[in-house]
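Single-structure report; data block below.
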Amino acid sequence: MKKMMMTLAAALMAVSMNAQVYVGGNIGFASVGGEQGDDETVMKILPEFGYNLNDEFAIGTVIGYAKSKVGGITKLSNLGFTNVNSESAFIVAPYVRYTFLKAGKVNLFIDGGVDFTSGSKGDYTALSAGLKPGVAVNLADNISFVAHAGFVGYDMVNPDGDNNNVHAWGLDLGSNNLTFGLYFNF
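The sequence shown: position 17 = 1293 (our numbering), numbered continuously.
Put into structure tokens, the structure is as follows:
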């Protein structure tokens, strides 16, 4: 058992010495208001872990939490949710990143992945698959500022109940898909 643990530790050290592991994440916030008091506030905390395979490709995942609060008219009732004015959700989003332009300290990339969300009070699941463009600005050797803006792909929400699924296919450049964060590269 001792030999196996030492071999595993040595293998992990060898991989991490040559690896470009990064950790960080994004924080997102959006507030939408209307004249009839149907305001909505969304907050996301999205820690992220990844591994640079080479200069162009990386793999990673986001494991996070989102909270939304709806005031006035409950928009979620159109999706089968009743009497829900606050919702918490767990998010898992693995991705593959392709960096297509490196210009000095600025890198432009696109993430292709699948996002899975599970909500608690409304008892729903959501799935999206698509592309998210982004930019990384290398502030120092080990620190990068990263922003994502937009989404193109497929979204599907499956509330609890029968015959009430909602799905969409297209491009979304709204503020709900705008996130900022910091990455620490090891």
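Virtual Cβ for every residue (Gly too), placed ideally from N, Cα, C.
All values derive from a computational prediction rather than experimental measurement.
At the C-beta level, G1410 and F1392 stay beyond 8 Å of one another. When the five nearest sequence neighbours on each side are left out, the beta carbons in the same chain lying within less than 7 Å of the beta carbon of F1325 are those of V1299, G1336, T1337, in order along the chain. CA-to-CA, the gap between Y1371 and K1408 works out to about 10 Å.
In the structure shown, N1414 adopts extended strand secondary structure according to DSSP, grouped into three states.
By the criterion of a C-beta distance shorter than 6 Å, K1343 is surrounded in its chain by M1319, S1364, once the five residues flanking it on both sides are discounted. Residue nearest to N1414 within the set Y1430, N1383, D1436 is N1383 (criterion: CA-CA distance).
Around the beta carbon of V1422, 16 or more other beta carbons lie within 10 angstroms, which makes this residue buried. Closest in alpha carbon position to D1436, among T1401, D1448, G1429, is T1401. Between V1390 and A1405, the C-beta gap is smaller than 8 Å, which places the two residues in contact.
Per DSSP, the unbroken beta strand (DSSP E) holding K1320 starts and ends at 1316–1328.
Under the DSSP assignment, S1362 falls in the beta strand (DSSP E) whose first and last residues are 1362–1379.
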